[in-house]
Structure formats: structure tokens, C-alpha cells
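Peer 1: First the structure, then my questions, so here it is.
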Amino acid sequence: MYKNDKDWPAARCEELANRIYEFLIKNDMWIDVTIYYNCRAMMSCGEVNGEWKCSYNEAPIIVEDQDPHDYFEYVNPNHILSMSFEGPFYACMNGDAGDYGWYISQEFDELLAEYDLYYELGNGWNLTLYKI
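Positions 512 to 643 (our numbering) are the ones given, in order, by the sequence shown.
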């Protein structure tokens, strides 16, 4: 299992994950998104007690013992937070949503800048964060 970056304690990672979740909810983009942090996954859809559940406008699904390396290759070795996504957030992050996508991408950049972070896309459907 991976370890968090030494400058990013668990409480700070959780705060950031919650801020990203709130940002996505506010912009109607909490659809087919998973946020990996602190060896857990905050998901809009996932398996809960053996059943598939989606939680698009409710509290997110939290699954413990999750490593983003198990799902995609490009993960910061000094892990802070990573994400996988489809749906509207994917469209915005990949330039497929016109002016609205540009606005969302810029607002996401500003949120990360508050924490002195930036993202790199690994593939079109995932990203990982790095310190500026």
C-alpha cells in the first residue's frame, strides 16, 4: 500500500478530497468519479456490501484499502490525491465541453492552487496531484 507525501498529513488530504467532492457536486459533475486519498476511495458508484450502488446526489461512497496504482498507471510516487472519472468531468478536463469546460477546468485549477498543487492527466480519464 502506498504512503502519503510526508508534507500531506491524512487530515489535509481528507479536507482536499471533501473540497473536490463539494466542487463536483456544486457543478453537477459527481457522476462516475472516484477520488483516491489516504488509502481509501470516495466514489459516486461502487460496491457496498456486495451490491452495486450509485450515490450521485447523496453522501459519497467510501471504500477503505484502495490504492490508485491498482486502477491506473500514472500516480504520483509521493501520493497526495488521485482521481479517475468519466461523464461531465471527463468532458471538461479533456476540452470537450466548450466554454463551460474551460470555466470548470479553470475553477478546478484555482481550487488546487489554494493548496499549492497542480494536476497532471495520466490518461484522459485519470489525474494525480503534485506540489507546485
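Using N, Cα and C, we set each Cβ at its ideal position, and we do this for glycine too.
Note that the coordinates shown come from a computational prediction; the quantities given were computed from them, not determined experimentally.
Count the other C-beta atoms from every protein chain shown that fall within 10 angstroms of the C-beta of C565, then say buried if there are 16 or more, exposed otherwise.
Peer 2: Locating residue 565 in the sequence shown gives position 54, where the first residue counts as 1. Classification of C565: exposed, given that the 10 Å Cβ count is below 16.
Peer 1: Our contact map puts G598 next to I542 with C-beta atoms below 8 Å; I'd like the distance itself, whole angstroms only.
Peer 2: Against the sequence shown, residue 598 aligns to sequence position 87. Against the sequence shown, residue 542 aligns to sequence position 31. The pair is a contact, with the Cβ atoms about 4 Å apart (cut-off 8 Å).
Peer 1: Could you pull out every residue in the same chain whose Cβ sits closer than 6 Å to the Cβ of G635, ignoring the five residues on either side in sequence?
Peer 2: What you label residue 635 is simply residue 124 of the sequence shown in a count that begins at 1. Leaving aside the five residues that flank G635 on each side, the residues in its chain whose CB is nearer than 6 Å to its CB run, in chain order, N605.
Peer 1: Hey, could you find the ends of the beta strand (DSSP E) L628 is sitting in?
Peer 2: Position 117 of the sequence shown, counting from 1, holds the residue named residue 628. L628 to N634 is the span of the beta strand (DSSP E), which, as asked, contains L628.
Peer 1: So, with DSSP's three-state summary, where would you put K642?
Peer 2: As a working mapping, residue 642 is identified with position 131 in the sequence shown. In this structure, K642 counts as strand in the three-state DSSP scheme.
Peer 1: Is the separation between the beta-carbon of F596 and that of V559 shorter than 8 Å?
Peer 2: For this step, residue 596 is matched to residue 85 along the sequence shown. For this step, residue 559 is matched to residue 48 along the sequence shown. Contact annotation: F596 and V559 have beta-carbon atoms that are not nearer than 8 Å.
Peer 1: Hey, out of A570, V586 and L623, whose CA is closest to C550's CA?
Peer 2: Here residue 550 is taken as the residue at index 39 of the sequence shown, counted from 1. The shortest Cα separation from C550 among A570, V586 and L623 belongs to V586.
Peer 1: Quick check: what's the CA-CA separation for Y601 versus C556?
Peer 2: As a first step, residue 601 is located in the sequence shown; it is residue number 90 there, counting from the start. As a first step, residue 556 is located in the sequence shown; it is residue number 45 there, counting from the start. Distance between the alpha carbons of Y601 and C556 is about 16 Å.
Peer 1: Could you tell me which residues DSSP puts in a beta bridge with N515?
Peer 2: The count along the sequence shown starts at 1 and reaches residue 515 at position 4. Bridge partners of N515 according to DSSP: H590.
Peer 1: Which residue from Y547, D518 and W519 puts its Cα closest to that of Y581?
Peer 2: Here residue 581 is taken as the residue at index 70 of the sequence shown, counted from 1. Note that residue 581 is Asp in the sequence shown here, rather than Tyr. Considering only alpha carbons, the answer is Y547.
Peer 1: Per DSSP, which one or two residues make a beta bridge with I572?
Peer 2: In the sequence shown, the residue the question calls residue 572 occupies position 61. The partner list for I572 (beta bridge, DSSP) reads M554.
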